[in-house]
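Numbering (the working numbering), first residue to last: 1 to 182. We put the beta carbon where it would ideally sit given N, CA and C, even for glycine. Please read these numbers as outputs of a predicted model, since none were measured by experiment.
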C-alpha cells in the first residue's frame, strides 16, 4: 500500500466513523495519542485478567502474557512501529515513559509495593523484562506464543535472581550464570 493509499484509507475510516458517532467524539488528535491509548488498552486487558493468588513471579508472568495476547492481533503494525522508532526519538521517549508507567501498574497488580528505591529498581527491572520479551514476541510466529512465553519465563527468572542478589542474599558475590538461569 502506498503512502497515498494509506492516507486515503485512514481518512475514509475516520469519516466513516464520524458519520456513525459524530465529530465531537474525535479521540486521537495525533499518532502519540493513539499509541498511548493503545497502551492503556493493553494495560486494561492485563489488569482485567489479573490473577489474585500465587507467587508474585507467576502473577507477573500472567499479567505480561495477557498484554502480549492483547497485542497479538496487531503484531504486524507493532513490527512497523518498532522499525520506525529509531527514526522518531520523541515518540520512542514518550513510549518509554508510558512503558515504565505500565510496568509500575503491573507490579502493583502483582502485589509489589510501589514506594521507595526498591520499587524503582523493580520497575526498571520489569521494563527490561518487558523489552527482552518484546524482542522475542516480535520474532515469534507460533500461534500459542510459545517462544514469547519461554523468553518471558527466562527473563523473569533472571530478574528474580538479580533481585535476590541485590537484596543481599548474594552479599559480596556476583550473580553467576547458574544463579541467573534458575
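| Asked | Found |
| --- | --- |
| By how many angstroms is the C-alpha of residue 122 removed from the C-alpha of residue 163? | 8 Å |
| Which of the three DSSP states, helix, strand or coil, is assigned to residue 170? | At residue 170, the pLDDT of 49 sits below 50, so the modelled position is not reliable and the matter cannot be decided from this model. |
| Sort 71, 75, 118 and 52 by Cα distance to residue 109 and report the nearest one. | 52 |
| With distances taken between CB atoms, is the gap from residue 129 to residue 95 smaller than 8 Å? | no |
| Are the beta-carbon atoms of residue 113 and residue 39 separated by less than 8 Å? | no |
| Which residues mark the beginning and the end of the alpha helix (DSSP H) in which residue 119 is found? | 116-139 |
| From residue 80 to residue 3, what does the alpha carbon distance come to, in whole angstroms? | 14 Å |
| In angstroms with no decimal places, state the Cα-to-Cα distance between residue 132 and residue 16. | 39 Å |
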